[in-house]
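Protein chains in written order, with our numbering: chain A, 182 to 441; chain B, 182 to 441; chain C, 182 to 441; chain D, 182 to 441. C-beta atoms are modelled at their ideal positions from N, C-alpha and C, and glycine is treated no differently. Worksheet: the structure to be examined is printed underneath.
There are 4 protein chains.
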Amino acid sequence: MSEPFWKTAISKVEPNKILVRGYNLMDLVGKYNYAGLTYLLWRGELPSTNQSRMMDALLAACLEHSLNAPSVDAARFVASCGVPLQSAVSAGVAAIGDWHGGAIEQAAKILQEGITNLKGTNQSIEQTAINILKEHSERRERVPGYGHPTHTSDPRTKKLLEIADQTNIRGRHVELAVSIETLTEKFFHKHLILNVDGCIAAIISDMGFDWRMGKGFFIVSRTPGLIAHAYEQMYSEKPYKAAEWNEITYTGPPEKRVAD
Amino acid sequence: MSEPFWKTAISKVEPNKILVRGYNLMDLVGKYNYAGLTYLLWRGELPSTNQSRMMDALLAACLEHSLNAPSVDAARFVASCGVPLQSAVSAGVAAIGDWHGGAIEQAAKILQEGITNLKGTNQSIEQTAINILKEHSERRERVPGYGHPTHTSDPRTKKLLEIADQTNIRGRHVELAVSIETLTEKFFHKHLILNVDGCIAAIISDMGFDWRMGKGFFIVSRTPGLIAHAYEQMYSEKPYKAAEWNEITYTGPPEKRVAD
Amino acid sequence: MSEPFWKTAISKVEPNKILVRGYNLMDLVGKYNYAGLTYLLWRGELPSTNQSRMMDALLAACLEHSLNAPSVDAARFVASCGVPLQSAVSAGVAAIGDWHGGAIEQAAKILQEGITNLKGTNQSIEQTAINILKEHSERRERVPGYGHPTHTSDPRTKKLLEIADQTNIRGRHVELAVSIETLTEKFFHKHLILNVDGCIAAIISDMGFDWRMGKGFFIVSRTPGLIAHAYEQMYSEKPYKAAEWNEITYTGPPEKRVAD
Amino acid sequence: MSEPFWKTAISKVEPNKILVRGYNLMDLVGKYNYAGLTYLLWRGELPSTNQSRMMDALLAACLEHSLNAPSVDAARFVASCGVPLQSAVSAGVAAIGDWHGGAIEQAAKILQEGITNLKGTNQSIEQTAINILKEHSERRERVPGYGHPTHTSDPRTKKLLEIADQTNIRGRHVELAVSIETLTEKFFHKHLILNVDGCIAAIISDMGFDWRMGKGFFIVSRTPGLIAHAYEQMYSEKPYKAAEWNEITYTGPPEKRVAD
């Protein structure tokens, strides 16, 4: 028998009823917050109070980073072109790539593999951290989730680790992530801070999330900011934002003649 | 003097500090929830506890509507093509148009104009409702925010009105929206329910939001669901979802010969 | 009977055969160029040699405008984020809005209405031009398709009008468009050139295109340039292009304290 | 000295002049076709007549494939939502991923590595084909560019190879691609046809294109079709295309009660 064309395990809509992962969504709204219901949507089970609180902080901590983010810059150019709000937000979301929020999934993968490989061995978390750093430095690759172009101590990391402590969510993945940070200087000749991507990666790993869901956190987190920027561009700025012709450095060949 | 190229009133990033609308974001995370901080981002001021609670419910109530939504359908086709998660979400956001969530801004505009025009007159809210219905039925246009293809009573409307009552946010815009619903049958020969778009429109109007921010609520609300569907499509379904050639009805001209 | 869910008059695919508007596409490739086949796709009939030539020039003339275009700027920010090529192009296409290429459809609508209203009257084209200019200047609106932020004489307009002459496609819509240009100074106190958007609008109107297809020309025309820029950004530039925090002018409120 | 923020080697805009790769674009329009100028944009040099002709055929051959393509399906859902034309096209372009047109770059990479590795050896093209097939079958991976879900003989491949012969562009990469096709049955127990992706990959490799430009061909090729479908959906179909709730198979858990 062939597969149904439209199929999902996420939710079921029928007249006057919306089930999410088996629960009537309207029984949950008001009891669980948006972040907690996002947990249900993504994990298939209801969160504890601590899990809801942690989810909320994860989504709130990187709400906004001004124009100092390619997604926001892209969204503002699009928003200046006479398009509806969602078009600018859509372009901003398209920018949440491997180098902009994407370190969450890369770091979560490394941390999860590190902790998985520890099982049944006598190896310490510190030794695992050393192995990860060694591999990356030998391949001359950055460890995803470490270092930041603007911050020398990422304020979001500090706050999220605090809440991970308060909610008893902090576990071995966070321990590994922090251990890597401590040792970065040995391998990369300068201290590389655990940035917000790496911190989210560690916490969602301790919460049991699949690393491939990593970008989802960053997308939800940044969407309200993208909306705020699109709105500001559309209603407080002049239309048609673009680089001026005389501020663009041309690096191509000098003018050539076309043969007749 | 020329305007600076990069300029915003939303936030300020400097090393180790992120100000949102003047507040240090890290002083707020944990005290305010994601929905409350979205309020700050969009409005420029901190929400009260009731406003935070209402924001959270507004964002939670339409988190998910299964494949019975063009944005989700679009996202799943894109997700089936060997692309990163954010590409599918981006395509889904692009679908949040005038006929898919867009009724929030259209309805909010009508409700806000209706209430504004009442000021300094003796006209009742009911009379305003009648005027709005009359104008639309004479132009043979639907009133945005009323009627639903699937639900005969929108479960989200009921829940959101409950919370608007509990938080003392319910005001004249909600009153007008409900009054219109009551009278729809007179003008359109069938009862048209106040749907979730119309309900959100009324509540955010009572909260003082600019109607042009309407789509923002729907976009944030649906993003976690778009992510869940993109993830399910990518990791639980076969690649390359497409209509089969023999299930497509061709309505064009019969085969023609090309002259030599 | 209900409508089929998947339905189109554009083309028909069956094993080993692709019909476009009734023609076997493979009978046409090599005989007709890409631009001519685009005409077939959009119009439903095969173009004449002159129509193919004109189509090709319309698509070629605005292939590229460097970073002096919001679509290209947006595409480059997205391309810098570690995403596949198509994501950057997709974001660039999303920027082809009412103020970036969109003047083609707005201008074509005005020109087509102008010429349609002339039918059966004794009114001259010049008088129609005057009416259009008068209406816009009274509403203090720009006439779409006139003026350019960079060019004082749009080189693309000159070239396209030349080819419209050579192909005998130049007709009353072009006449009206040129007449408007001649008279702009009278109504707007400075000469506003017929820009490439206005020129394409006039020519496609003389070719019989629906004005609502206007943006299609600009989208196809700019796509190769968007691809070139995405490629250059991805493979010749550093990752993560973003405005630096200290080059962003913050115009929001000064730092505030959060009450405990 | 720091790098300029806006920088490109592709083109230079100044008032009344647009240089592309050093040539005044307006000297070229009319002499070179759109496809030939796309070659200039992407390669940095003017094409020969044969190269222009080949480019044109490459872009024309996969103009359209009806709703039997995820990009078109996605575009139509988006187009049904009350959005501008470019939003639907943008979503369609976002779907040109690794499994939808993306085989061009994967196949071109394999073919180019195969031919590069041949240099200075006595190995035959057939032996290279065997090596490629062997590697893939041992890893239980498909060879990109071979096989098609709808066509048993891809009509576009036949036509493009014909034109590659006529233009003397057919070379060792095409030879290798055809050799692989001939041998597929030995390694995969059924004949896998050289599909249009594989064929384009081979031809652009013989033309000297970087394999990473592969998706560019498919994007340009499909854009006019995406526009035609968006237009048809917007102006000939009902708004809000979505899967009906009762046609969606729910595979999640049965309804659960929420504990009070």
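> Can you tell which of D:G328, D:S417, D:S261 and D:K339 has its C-alpha closest to the C-alpha of H370 (chain D)?
Replying inline: Counting from 1 along the fourth sequence, the entry for residue 370 (chain D) is found at position 189. Answer by Cα proximity: D:G328.
> Y204 (chain A) bridges to which residues according to DSSP?
Replying inline: Taking the first residue of the first sequence as position 1, residue 204 (chain A) is located at position 23. Y204 (chain A) is bridged to A:V201.
>> Give me the chain D residues within the contact set of F258 (chain B), using Cβ-Cβ distance strictly less than 8 Å, ordered along the chain.
In response: Counting from one through the second sequence, the residue named residue 258 (chain B) turns up at place 77. What F258 (chain B) touches in chain D: P251, S252, D254, A255, F258 and A276.
> By how many angstroms is the C-alpha of L240 (chain D) removed from the C-alpha of I374 (chain A)?
Replying inline: Within the first sequence, the letter at position 193 stands for residue 374 (chain A). Within the fourth sequence, the letter at position 59 stands for residue 240 (chain D). Taking the straight line from one Cα to the other gives about 48 Å.
> Listing by chain order, which chain G residues have their CB less than 9 Å from the CB of A190 (chain B)?
Replying inline: Judged by its chain identifiers, the structure shown contains no chain G, and its protein chains are A, B, C and D.
> Quick one: which chain B residues come within Cβ less than 7 Å of P185 (chain C)?
Replying inline: In the third sequence, the residue the question calls residue 185 (chain C) occupies position 4. Going along chain B in sequence order, the residues near P185 (chain C) (Cβ under 7 Å) are T430.
> V210 (chain C) lies in the beta strand (DSSP E); which residues open and close that run?
Replying inline: For the purposes of this step, residue 210 (chain C) is taken as the residue at position 29 of the third sequence. Taken as a continuous stretch (DSSP letters only), V210 (chain C) belongs to no beta strand (DSSP E), as it is neither H nor E.
> If you pair each beta-carbon of the segment 202–216 of chain A with each one of the segment 283–294 of chain A, do three or more pairs fall below 8 Å?
Replying inline: no
> In whole angstroms, what separates the C-alpha of E343 (chain B) from that of A216 (chain C)?
Replying inline: Here residue 343 (chain B) corresponds to residue number 162 of the second sequence, with the count starting at 1. Here residue 216 (chain C) corresponds to residue number 35 of the third sequence, with the count starting at 1. For E343 (chain B) and A216 (chain C), the distance between alpha carbons rounds to 58 Å.
>> Using 9 Å as the threshold, is the C-beta distance between A204 (chain B) and V439 (chain C) below it?
In response: The sequence position of residue 204 (chain B) within the second sequence is 23, counting from 1. The sequence position of residue 439 (chain C) within the third sequence is 258, counting from 1. It should be noted that the sequence gives Tyr, not Ala, for residue 204 (chain B). Against a cut-off of 9 Å, the Cβ pair of V439 (chain C) and Y204 (chain B) comes out as a contact.
> Tell me which same chain residues have a C-beta within less than 6 Å of the C-beta of A272 (chain D), skipping the five on either side of it?
Replying inline: Here the question's residue 272 (chain D) lines up with position 91 in the fourth sequence. Once the five neighbours on either side are set aside, the close Cβ partners of A272 (chain D) are A255, A256 and V259.
> Tell me, which residues are paired with Y327 (chain C) by DSSP?
Replying inline: Position 146 of the third sequence holds residue 327 (chain C). Beta-bridge pairing links Y327 (chain C) to C:L375.
> Are the C-beta atoms of N376 (chain B) and some chain A residue less than 9 Å apart?
Replying inline: Mapped onto the second sequence, residue 376 (chain B) falls at position 195. No, no contact with chain A.
>> With three or more C-beta pairs closer than 8 Å as the rule, is the segment 419–438 of chain B touching the segment 274–290 of chain B?
In response: no
> Does any residue of chain A bring its CB to less than 9 Å from the CB of V401 (chain D)?
Replying inline: The residue you call residue 401 (chain D) lines up with position 220 of the fourth sequence. Chain A, which has no Cβ nearer than 9 Å to the Cβ of V401 (chain D), makes this no.
>> Can you list, in chain order, the residues of its chain with a C-beta nearer than 6 Å to that of T348 (chain D)? Leave out the 5 residues immediately preceding and following it.
In response: Looking up residue 348 (chain D) in the fourth sequence gives position 167. Once the five neighbours on either side are set aside, the close Cβ partners of T348 (chain D) are N231, R234 and M235.
>> I'd like to confirm the pairing. Which residues does DSSP put opposite K193 (chain D) in its beta bridges?
In response: Along the fourth sequence, read from residue 1 onward, the residue named residue 193 (chain D) stands at position 12. Answer by DSSP bridge pairing, in chain order: D:L200.
> Taking the runs of the beta strand (DSSP E) that are 3 residues or longer, which of them lie wholly in the segment 240–313 of chain A?
Replying inline: none
>> Tell me the DSSP secondary structure of Y431 (chain D) in three-state form.
In response: By one-based count along the fourth sequence, residue 431 (chain D) stands at place 250. Y431 (chain D) falls in the strand class under three-state DSSP.
> Can you list, in chain order, the residues of the segment 222–248 of chain C whose Cβ is nearer than 7 Å to any Cβ on chain D?
Replying inline: L222, W223, D237, A238, L240, A241, A242, L244, E245, H246, S247 and L248
>> Counting only Cβ-Cβ distances shorter than 7 Å, please list the residues of the segment 340–357 of chain D near chain B, keeping chain order.
In response: none
> What are the boundary residues of the alpha helix (DSSP H) that includes H410 (chain A)?
Replying inline: As a working mapping, residue 410 (chain A) is identified with position 229 in the first sequence. Segment G395 to S417, the alpha helix (DSSP H) holding H410 (chain A).
> So, helix, strand or coil for K188 (chain C), using DSSP?
Replying inline: Counted from its first residue, the third sequence places residue 188 (chain C) at position 7. If DSSP states are grouped into helix, strand and coil, K188 (chain C) belongs with the strands.
> Who are the neighbours of L218 (chain D) on chain C, taking C-beta pairs under 7 Å?
Replying inline: Counting from one through the fourth sequence, the residue named residue 218 (chain D) turns up at place 37. Result: A241 and L244.
> Taking the alpha helix (DSSP H) that E425 (chain D) falls in, what are its first and last residues?
Replying inline: On the fourth sequence, position 244 is the one that residue 425 (chain D) refers to. First-last for E425 (chain D): undefined, no H or E at that position.
> Which same chain residues, not among the five before or five after N312 (chain B), have their C-beta less than 8 Å away from its C-beta?
Replying inline: Position 131 of the second sequence holds residue 312 (chain B). Only G295 meet the Cβ criterion.
> Going along chain B, which residues have a C-beta under 7 Å from A409 (chain A)?
Replying inline: Within the first sequence, the letter at position 228 stands for residue 409 (chain A). Those are I191, L222 and W223, listed as they occur along chain B.
> Counting contacts by CB-CB distance shorter than 9 Å, is K290 (chain B) in contact with chain D?
Replying inline: The residue you call residue 290 (chain B) lines up with position 109 of the second sequence. Chain D contact via Cβ: absent.
> According to DSSP, is N231 (chain A) helix, strand or coil?
Replying inline: Sequence index remark: in the first sequence, residue 231 (chain A) carries index 50 (1-based). Looking at N231 (chain A) - three-state DSSP - the assignment turns out to be helix.
> Near S334 (chain C), which residues of its chain fall below 7 Å by C-beta distance, leaving aside the five closest residues on each side in sequence?
Replying inline: The residue labelled residue 334 (chain C) in the question sits at position 153 within the third sequence. So the qualifying residues of the chain are I374.
>> Can you list, in chain order, the residues of its chain with a C-beta nearer than 8 Å to that of S402 (chain B)? Leave out the 5 residues immediately preceding and following it.
In response: Here residue 402 (chain B) refers to the residue found at position 221 when the second sequence is read from its first residue. So the list reads L239, L240, A241, A242, C243 and L244, once near-sequence residues are dropped.
> Alpha carbon to alpha carbon, how far is T189 (chain B) from T189 (chain A)?
Replying inline: In the second sequence, the residue the question calls residue 189 (chain B) occupies position 8. In the first sequence, the residue the question calls residue 189 (chain A) occupies position 8. The straight-line gap from Cα to Cα measures roughly 41 Å.
> Between P251 (chain B) and the rest of its own chain, which residues show a CB-CB distance below 6 Å, the 5 nearest in sequence each way excluded?
Replying inline: Within the second sequence, residue 251 (chain B) is the residue found at index 70, counting from 1. Taken in chain order, the residues that qualify are A276 and H281.
> Which residues of chain D have a Cβ atom closer than 9 Å to the Cβ of E425 (chain B), listed in chain order?
Replying inline: Position 244 of the second sequence holds residue 425 (chain B). Per Cβ cutoff of 9 Å: N249, P330 and T331.
> Just how far apart, CA to CA, sit K300 (chain A) and L357 (chain A)?
Replying inline: Within the first sequence, residue 300 (chain A) is the residue found at index 119, counting from 1. Within the first sequence, residue 357 (chain A) is the residue found at index 176, counting from 1. Using only the alpha carbons, I get a separation of about 14 Å.
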